[in-house]
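This report concerns only the one structure given below.
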Amino acid sequence: IIGGVETGLMKLHDTVTWRATHFGIRFTLQSTIIKFTRPFFFTDEMKQGPFKSMVHDHFFYWEESHTTMVDHFYFQSPLGLLGEVADSLILKSYLTPLLTQRNSIIKHYAEGDGWQHMLPKMVQSSKL
């Protein structure tokens, strides 16, 4: 994270800027929370970055003794037909395991004590 919200809980209209290297190329991506219904759902949308468009929906379902998180990730590369070919042949198979790994890390923190180190003490003591 190189800009925007870096710690704590995000809310509607918050922005975060990421920098990452993929395929040997350094990318910067800025996304904003555009929809938020706490604690059930939020959507972030790319405002600046390498894609023509990118929208990421996050759904949270309470199921008896646990919460299930379901992601819907939509993206479109620039460059018209060439971008569509790259999306289907390269990027979908690259991004799916990347998001799966990210979700595994979130699960690890959420189900253990790791989340306590991610949130400020004042947020931990308030009603989430």
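Counting from 1, position 14 in the sequence shown corresponds to residue 14 in the numbering used here; the numbering is continuous, with no gaps.
For each residue, glycine too, the CB sits at the ideal point set by N, CA and C.
Using 8 Å as the Cβ pair cut-off and three pairs as the minimum, do the region 23-36 and the region 59-74 touch? no
MET118 - DSSP class collapsed to helix/strand/coil: helix
Going by DSSP in three states, ARG26 sits in which element: helix, strand or coil? Three-state DSSP puts ARG26 in a strand.
Chain-order list of residues whose beta-carbon lies under 6 Å from that of THR68 (same chain, five-residue window excluded): TYR61
When the Cα atoms are used, what is the spatial distance from ILE106 to LEU99? 10 Å
Any idea which residues DSSP pairs MET69 with across the strands? PHE60
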